[in-house]
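**Student:** The sequence shown begins at 132 in the working numbering and counts up by one.
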Amino acid sequence: MKRLLLFTLVSWSVLALSTVGYHLANSGGATPADAQAFQAMRPSANSIYEVAALDRVSTEAREFAAARYRLDASQSKFMVRAFAGGLLWFKGHDHFIAVRDFSGEAQLVPGAINPASLQMTIRADSLVETRDVFTEQQKQIINRELREIVLETNKYPEITFKSTNVTVNLSGGQVEAKIGGDLTLHGVTRHIVIPAQVTLSGDTLRARGEFTVNRSDYNVKATSALHGTIRVRDKLKFTFDIVAHQI
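1) Taking Q328 as part of the beta strand (DSSP E), name the residues at either end of that continuous run.
2) Give the secondary structure of R262 by DSSP, where H, G and I count as helix, E and B as strand, and everything else as coil.
3) So, at 6 Å on beta carbons, what are the nonlocal neighbours of T261 in its own chain, with the 5 sequence-adjacent residues on each side left out?
4) Please report the straight-line C-alpha distance between R254 and D372, rounded to a whole angstrom.
5) Name the residue from F214, G223, A197 and Q238 whose alpha carbon lies nearest to the alpha carbon of A338.
6) Can you list, in chain order, the residues of its chain whose CB lies under 6 Å from that of T291, leaving out five sequence neighbours each side?
7) Are the CB atoms of K368 and N345 within a distance shorter than 7 Å?
8) Please work out which residues of its chain come closer than 7 Å, Cβ to Cβ, to E289, disregarding the five sequence neighbours upstream and downstream, and give them in chain order.
9) Report the rounded CA-to-CA distance for L331 versus Y349, giving the unit in angstroms.
10) In the DSSP assignment, the beta strand (DSSP E) including Q269 goes from what residue to what residue?
11) Using 7 Å as the threshold, is the C-beta distance between S294 and L336 below it?
12) Assign V297 to one of two classes, buried (16 or more other C-beta atoms within 10 Å of its C-beta) or exposed (fewer than that).
13) Measure the Cβ-Cβ separation of V306 and A213 and say whether it is below 7 Å.
14) Look at the Cβ atom of Q206, then the Cβ atom of V329, and state whether they are nearer than 7 Å.
15) Closest to I273 by C-alpha separation, out of S257, L202 and Y287, would be which residue?
16) Quick one: grab the DSSP three-state call for V230.
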């Protein structure tokens, strides 16, 4: 804090002296004594280098002030719901796909929330069917088709999200965030906005929310049954309860 204050004072002093010098040089009213006084007041080269060094220190201090939180998949819940559709949609079942393996990091300034950022990487082959309405054999078939036909995990092993902007609304003690960023799925990148409720408790950050995307926007295929009379709809609904710990 002392370094940051010193840097601010020096910067304003340099700006003020430069302004004075400019007006003296261009007003036509400067005397030799004025010029000598101004030269004496100007900072030396060493002073300028010191200001630059202080600038670097203050930048590093601001970066250090941003708290980092590592996402903890083992304590989090991240689900994808694929809705059954087609002429006989009532005979089909929605799919509840769990995201088992993901990693990432959130950053924010304590006491401010904003500016903030989020990066997440999901291992595509970790998505698995979880609904009890399917037998274990059916789940194996669904998971194989999910990897081989739907997500093509050999070609696209990762699903990533990287925030580009975060806006926050504080209301009644609740932190409502809108996380804008780029979602890369099946090799296609599109900008989305994820609404989330964010809470901080000690060194733990928690974010809850839901959002939807369309499969067709990411060229994601869907398998169908009974000659297409039962199939998965275009909309996919993501729900999450993400836990992260300060590092």
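Backbone N, C-alpha and C fix where the C-beta goes; we use that ideal spot for every residue, glycine too.
None of the values given here were measured: they were computed from a predicted structure.
**Tutor:** Let me lay it out:
1) V319 to S332
2) coil
3) F227 and A229
4) 18 Å
5) Q238
6) T252 and T315
7) no
8) T252, I253, R254 and A255
9) 33 Å
10) Run containing Q269: none in the beta strand (DSSP E); it sits in the alpha helix (DSSP H), E267 to E276.
11) no
12) buried
13) no
14) no
15) S257
16) strand
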